[in-house]
Amino acid sequence: MPEYYDSDEVEDDGSHEPEPETPLSPLTVPKSTSAAVTAKAIARTRRNATIHHLYVTHEHDKCLALIEEVLGEFDGLCEYPIYVKALVTRRRGRIAESLTLFQAATALNPHNTQNLKQVGRSLYLLGKHKAAIEVFDEARAMGVARNQPEDWEIHHQKGLCYARVKQFGAAAESFIRANGISKHETTYEQLGAVFQEQENWEAAIAVYLEALESAPDSPETLATLGVLYLRLGETYRAFEYLDSALTKDPHNPRTILAAGSIIQDHDDVDVALVKYRVAAQKTPNSAQLWNNVGMCFFGKNRFVASIACLKKALYLDPFEWIISYNLGLAHLKTQQNASAFHFLSGCVKRKPDFAAAYTYLAVALARLDDFENAKAAYDRAVRLDPGDYLVFLNYAITLHNGGDFEKAKGMFQTHDALFDALDEDGKIDAGDDVAAQRDLVRKALMGS
802 MPEYYDSDEV EDDGSHEPEP ETPLSPLTVP KSTSAAVTAK AIARTRRNAT IHHLYVTHEH
862 DKCLALIEEV LGEFDGLCEY PIYVKALVTR RRGRIAESLT LFQAATALNP HNTQNLKQVG
922 RSLYLLGKHK AAIEVFDEAR AMGVARNQPE DWEIHHQKGL CYARVKQFGA AAESFIRANG
982 ISKHETTYEQ LGAVFQEQEN WEAAIAVYLE ALESAPDSPE TLATLGVLYL RLGETYRAFE
1042 YLDSALTKDP HNPRTILAAG SIIQDHDDVD VALVKYRVAA QKTPNSAQLW NNVGMCFFGK
1102 NRFVASIACL KKALYLDPFE WIISYNLGLA HLKTQQNASA FHFLSGCVKR KPDFAAAYTY
1162 LAVALARLDD FENAKAAYDR AVRLDPGDYL VFLNYAITLH NGGDFEKAKG MFQTHDALFD
1222 ALDEDGKIDA GDDVAAQRDL VRKALMGS
C-alpha cells in the first residue's frame, strides 16, 4: 500500500471565538482565536500515528473504531482518518464505499495527489477504466503544476487501465514510462503480460530478461521466462530457467507444473507424476494440473484413471479446448466413440483452427458409421494442415473401409510422399503403430 503523507495545510473547520464587545481594527487578530484554531488542528491530527500503526499491523477493527471516534469528535472533517477508513473498506471488498470515502478525502484536501490516485484505483477496481485514466491524468497534471517529480505509480496504474480495455499499445507505453521513472518488478510483469497478449513472445522475453537485471533472484520472473521459452519450443533454455526458479522457490506450483510438462514430454511420466503430486498440494483445483496428470495416466495406458482426471480438469475449466481434445482421445482409445464425438465436437467449437481435432473427430464419426460427415471432417483437417501425414493415413483408412478404394489410394500416396519427406528422427518419432498401419493399408489397397 503506498505511503500517505499528511498535508501541511490546515482545514478551516468554521469554528471561531465569539466577537468581542470592543470593535477591533481590521489589522488586529485576536490571539485567543488564533490559538484555538491551532489547537483544534493539532487535536485533529494527534491520533493519526495511532491510526496508521493499527492499519499497518492489520488491527483493522480497532483502527475503524478509533477512526469513528475521531470523525465523530470533529464532525467528519479529518482527512487522514477518512483516507485510512477508505483503505480498510476497500480491502474488505466494499469498493464503491471506498470510492465515496476517497472522494470525501479529496474534497477536504484537493491538492493531495495521493487522494486522487486512490480515487483512480477504486474506479479501476469498479471497472470504470476510462474514468480512472482521467483521474490519473488529473493527478499527474497536479503534480506537474506543483513541480513534483514524476510518479511511476500513476503511469503504472494507467497501464493497468489501458490493458483492461485492450488498448495494448497505450498500456505498453505507460508501463515503459513507469519503468523509466523507477524500475519495479510488478511493472515488468505487467509489461511482459501485455506483450504476451499481443503474442509478441520475443518482446516479452526481452522484458523479463531486463527484469532479471534488477531482480536476478525473482522466482516468478524466472518461471515466466521458462514458460515462454517452452512455448517457443526451446526446451533446454526453458528447463534451465525453470530449474533456477525451483532452486529459489521449490514449492511454486506454476514452476513445478511447467517443469513437469517438460519431463512429461520426454516420456518420463513417473517423474512428472511425482512433480505434479507436489503441485497438487498447493493448487488442488488447477485444471492444467489435472489435465497433465490425466495425460500421464494416458501414457501409462491407464485409461480409466486418465478419463477421471481429465473430467475433473474439464469441471474446473469447462472452456479449455485442450482438455476436451484429450478426453476425446481417451474415449477413442477405450472404444467409447459416441463420447469421443461429444468431446471432440466441443473442442472444434472452441478451437476451430486445430486440424488434429478434426482428424480424430472424423475417426469417431467413421466408427459411428457416419462416413459422409467423417469425410467432411477429414477435408477440413486437410485444408487446415495439408502437411500432416497422419491426416492422409487416417483418411485413406476411412475411405477404404467405406469402399472408396480409388480415392483411398490417392490419399495414401499423398501420405506416403509426406512420410518419405521426413528425416530419420521424424520417422522414428512417428512410432511403431504408424509403421504397422502403413503396411496394413498398403497391402489392403494393393490387393483391392
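Note that the sequence shown covers residues 802 to 1249 in our numbering. Just so you know, even glycine gets a beta-carbon here, dropped at the ideal spot from N, CA and C.
Return the CA-CA distance between residue 900 and residue 1034, expressed in angstroms with no decimal places. 46 Å
Assuming residue 1190 and residue 1220 make a contact with CB atoms under 8 Å, what is their CB distance in whole Å?
About 5 Å separates the beta carbon of residue 1190 from that of residue 1220, a gap short enough to meet the 8 Å contact definition.
| task | Quick one: using the 10 Å Cβ neighbour count with 16 as the cut-off for buried, is residue 873 buried or exposed? | result | exposed
Roughly how many angstroms lie between the CA atoms of residue 1007 and residue 1197, to the nearest whole one?
-> 46 Å
Would the beta-carbon of residue 983 fall within 7 Å of that of residue 959? no
Three-state secondary structure (DSSP) of residue 879 | coil
According to DSSP, simplified to helix, strand and coil, what is residue 949? coil
Count the other CB atoms, across all protein chains shown, that sit within 10 Å of the CB of residue 957; report buried if there are 16 or more and exposed otherwise.
buried
- Query: In angstroms, rounded to a whole number, what distance separates the CA positions of residue 961 and residue 955?
  - Reply: Rounded to whole angstroms, residue 961 to residue 955 spans 10 Å at the Cα level.
- request: Please classify residue 965: is it buried, with 16 or more other beta-carbons within 10 angstroms of its beta-carbon, or exposed?
  value: Counting other Cβ atoms within 10 Å of its Cβ, residue 965 stays below 16 and is therefore classed as exposed.
Given residue 994, which residues of its chain have a CB within under 7 Å of its CB, disregarding the five upstream and five downstream residues?
none
When the Cα atoms are used, what is the spatial distance from residue 1057 to residue 1081?
-> 10 Å
task: In angstroms with no decimal places, state the Cα-to-Cα distance between residue 932 and residue 1052.
output: 40 Å
For residue 1234, which residues in the same chain have their Cβ closer than 6 Å to its Cβ, ignoring the five residues on either side in sequence? none
Can you check whether the CB of residue 919 is closer than 7 Å to the CB of residue 937? Contact flag unset, no.
| message | Between which two residues does the alpha helix (DSSP H) holding residue 926 run? | response | 914 to 926
_So residue 1158 and residue 1166 are supposed to be a Cβ contact under 8 Å. How far apart are they, rounded?_
That pair is no contact at about 12 Å.
Exercise. In terms of alpha-carbon separation, which member of 1073, 1240, 1117 lies closest to residue 1101?
Worked result: Nearest to residue 1101 by alpha-carbon distance, out of 1073, 1240, 1117, is 1073.
Among 1145, 1108, 1150, which one has its Cα closest to the Cα of residue 1131?
1108
Q. Terminal residues of the continuous alpha helix (DSSP H) containing residue 1016?
A. Careful: residue 1016 lies outside any alpha helix (DSSP H) and carries neither H nor E.
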